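Right, one structure below, let's go through it.
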Amino acid sequence: MFERSIPEWLRHPPAAAARKPGARAFATLSGIEAMIRGTLLSVFPLAMYEALGDAGTVSRVYFAVGLTSLTVGMLLPWVNRTVPRRWLYTFGALMYLVGGTLGAMGGTMIVGALVACTLATVTCFICLNAYVLDYVAKNDLGRTETLRMFYSALSWSAGPVTGVALMKLWAPLPFLLAGSFALVQIAVFWWLRLGNGKLIQKARGTAPNPLAFLGRFFRQPRLIAGWLFAVIRSCGWWGYIVYLPIYAIEHGLWEGLGGVLVSTTNAFLFVTPLMLRWVQRATVRRAVRTGFAVASGGFLLAAVSPVPELAVACLFGASAFLILLDIAGGLPFLMAVKPSERTEMAAVYSSFRDVSGIMTPGIGAVILLFAPIQGIFGAVGLALGAMYFVAGRLHPMLGVAPTARVRRAA
C-alpha cells in the first residue's frame with residue numbers, strides 16, 4: 010500500500026543505475042588479464058623446455074594440465090553454490106600471483122606456475138562470462154566482446170615479444186611483472202564492485218550433482234552448436250600458433266617467422282571495432298559462416314600448396330578470419346543461455362579451450378604418423394568447413410535488435 014506512493018526515482022536511484030557495470034568495465038578487466046597472459050604466452054614453453062629438458066615430457070605436462078583445467082572448470086558451478094562469485098574471481102586472480110611467484114623461483118617450480126596460471130585462466134574466464142551475461146543485454150554482447158578484444162590487442166601483440174626479451178635479461182623478470190599485473194587486476198575488480206552477480210532465484214532444495222547441468226546443455230542444440238563453434242575456432246588457432254612455426258622450420262624458412270606472424274595477426278585486434286560494424290550490418294549468422302568459410306579455405310590451400318611461402322601466406326590470411334570468429338563465433342552460445350543457467354553454462358563454454366588443447370595435439374600426433382605436417386592443416390580446414398554448414402542452421406536474424414528486424418522486414 011505504501012510502496013505505491015514511493016517515487017520511482019527514490020526506489021531506483023539514478024546513481025545506482027549509473028554504477029551498473031557495462032562493456033568498458035568488462036573490457037578493462039579483460040585487458041589487464043591479457044597483460045598477464047600475453048607476457049607469459051611465449052615464456053612458458055621456453056621455461057618448461059629448459060626445466061624439463063625434453064619435448065615429450067613438456068607435451069605430457071601440458072596434456073595433464075589441460076585435463077586438470079577441464080575438470081576444475083566443470084566443478085566451478087558447484088563450488089559457486091557455496092563460494093560467492095566475487096571471491097571465486099579473486100581466487101582466480103590470486104592464482105596468477107601464485108603462478109608468477111612460482112615461476113620466478115625457477116627450476117621445476119615452473120610446472121606449478123603453469124598449473125596455477127591455467128587454473129587462474131579458467132576461473133577468471135568463467136566468472137567474467139557469468140558477469141557479462143548478468144549485466145549486458147543480448148543485443149550488446151557483440152560490442153562487449155569487441156571491446157574486450159580491442160582492449161587486449163596491445164597486450165597480445167607486444168606481450169609475447171616483451172616477455173621473451175625480459176626473460177633474456179633476467180629469467181624471473183616476466184613472472185614478477187605478471188604477478189604485478191595480477192595485483193592490479195584484483196584492485197580494479199574490487200573497485201568495479203561487481204559483487205556476486207544478479208540473484209535469479211533462491212534455491213529451494215539441495216544442490217544438484219555438479220555435473221547435472223551437462224544434461225541440460227546436451228538437450229539444447231543451440232548451445233551445442235555455439236560450443237562447437239568455439240572448439241573448432243580454437244583448434245584453428247592451435248594449428249596456426251603451434252604448427253605454423255614447426256612447418257616453417259621444417260621447410261627451411263626463417264625460424265622466427267611463426268612468432269612474427271602470430272604477433273602480426275594479434276595486431277588485427279585493433280580493427281575489431283570495424284569488424285563489429287560489419288557484423289552488425291551482416292547479422293551474426295552471415296559473419297560466422299563467412300569466418301568459417303574463408304578460414305577453412307586458407308587452411309585447405311595451405312595443406313595442398315607445394316610452395317612453402319604460399320602455404321604460409323594462406324595460413325596468415327586465414328588467421329584474420331579467425332579473429333572475425335573471435336568476435337562473432339561466441340555470440341550464438343551467449344545469446345542462447347537462459348538467465349537461470351548463467352554460471353553453469355559459462356563453465357561449459359569455457360571448456361572449449363581445454364577440449365581443443367587436448368584434441369588438436371592428440372589428433373595431430375596420429376596424423377603425423379602417416380602424413381606430413383600439412384595433413385594437420387588439412388584436418389583443421391575440414392573441421393572449419395564443417396562448422397560453415399552447422400552455422401547455416403542459425404536464425405537469419407540472430408543478433409539483430411527487434412526494431413531493426415521490423416525495418417528489415419519492411
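For the sequence shown, position 261 matches number 270 in my numbering, and the numbering has no gaps at all. Quick reminder that beta carbons are idealized off the backbone N, C-alpha and C, glycines included. Quantities reported herein were computed from a predicted structural model and do not represent experimental measurements.
For residue i, which residues of its own chain have a beta-carbon under 7 Å away from its beta-carbon, when the five flanking residues on both sides are left out?
i: T127; result: V74 and S78
i: I250; result: V271
i: R298; result: Y397, A400 and G401
i: L393; result: I241, G245, F301, A304, S305 and F308
i: W236; result: F342, V357, Y358 and F361
Whole angstroms are fine: how far does the CA of residue j sit from the CA of residue i?
i: L377; j: G31; result: 46 Å
i: W247; j: T153; result: 25 Å
i: L310; j: G47; result: 30 Å
i: L320; j: L106; result: In the sequence on display, residue 320 carries Ala and not Leu. The straight-line gap from Cα to Cα measures roughly 40 Å.
i: G339; j: A239; result: 6 Å
i: I241; j: F342; result: 14 Å
i: I119; j: T130; result: 16 Å
i: G62; j: A291; result: 50 Å
i: S360; j: M354; result: 10 Å
i: T80; j: M104; result: 17 Å
i: S189; j: Y98; result: 17 Å
i: V193; j: A329; result: 31 Å
i: A296; j: L333; result: 8 Å
i: A146; j: A180; result: 44 Å
i: R138; j: E350; result: Note that residue 138 is Asn in the sequence shown here, rather than Arg. Their backbone Cα atoms lie some 12 Å apart in a straight line.
i: A216; j: W87; result: The pLDDT assigned to A216 is 46, lower than 50, so where the model puts this residue is not dependable; a value taken from the coordinates is nonetheless given after this. So the two alpha carbons sit approximately 8 Å from each other.
i: R95; j: P348; result: 18 Å
i: L403; j: I41; result: 33 Å
i: A187; j: A43; result: 10 Å
i: L175; j: D143; result: 39 Å
What residue does the alpha helix (DSSP H) around residue i start on, and which one ends it?
i: T292; result: Careful: T292 lies outside any alpha helix (DSSP H) and carries neither H nor E.
i: G188; result: L182 to L201
i: Q383; result: Q383 to A400
i: R90; result: First-last for R90: undefined, no H or E at that position.
i: L142; result: M118 to Y144
i: D335; result: P317 to A337
i: R33; result: A32 to L50
i: L377; result: Premise fails: L377 is in no alpha helix (DSSP H) and is neither H nor E.
i: F342; result: L340 to A345
i: G245; result: P230 to I250
Rank the options by C-alpha distance to the C-alpha of residue i and give the top, closest one.
i: C136; options: G101, L106, T155 and I41; result: G101
i: A36; options: S328, V52 and V197; result: V197
i: R33; options: L163, V141, L334 and V280; result: V141
i: L38; options: G394, R202 and Q289; result: R202
i: T155; options: V92, S305, G82 and R286; result: R286
i: Y256; options: T369, A312 and I45; result: A312
i: F279; options: S164, Y98 and L232; result: S164
i: R233; options: M344, V88, L391 and E42; result: The displayed chain sequence assigns Ile, not Arg, to residue 233. That would be M344, whose Cα lies nearest to the Cα of I233.
i: V274; options: S314, G326, G82 and G261; result: The question names Val, but residue 274 is Thr in the sequence shown. When each option's Cα is compared against that of T274, the closest is G326.
i: M158; options: V145, D335 and R228; result: D335
i: I382; options: P317, K347, H404 and I367; result: P317
i: T191; options: S166, D149 and A125; result: In the sequence on display, residue 191 carries Ala and not Thr. For the residues S166, D149 and A125, the minimum Cα distance to A191 belongs to A125.
i: V70; options: T117, P93, Q229 and I45; result: T117
i: I367; options: Y144, M57 and L76; result: L76
i: P93; options: G204, F277, T369 and A380; result: G204
i: A374; options: Y160, Y252, P282 and M176; result: Y252
i: G168; options: L49, F379, L331 and V293; result: L49
i: V269; options: W200, A60, G261 and V170; result: V170
i: F277; options: L186, V293 and S166; result: S166
i: F226; options: G82, A187, V346 and L186; result: V346
i: A337; options: L391, P282 and I372; result: P282
i: L182; options: F53, Q289 and R294; result: F53
i: V389; options: P405, D363, L324 and F379; result: L324
Can you find the residues in the same chain that come closer than 6 Å, C-beta to C-beta, to residue i, ignoring five residues on each side of it along the sequence?
i: G384; result: I376
i: F184; result: G109, G112 and A113
i: V173; result: S51
i: G121; result: L111
To which residues of the same chain is residue i closer than 8 Å at the C-beta, ignoring the five residues directly before and after it?
i: A212; result: With a pLDDT of 42 at A212, under the threshold of 50, the modelled position of this residue cannot be trusted, and the question is left open.
Relative to the ligand ZN, is the shortest distance from any of its heavy atoms to the C-beta of residue i smaller than 7 Å?
i: V271; result: In the structure shown, the ligand ZN is absent, as is every other ligand, since no ligand is present at all.
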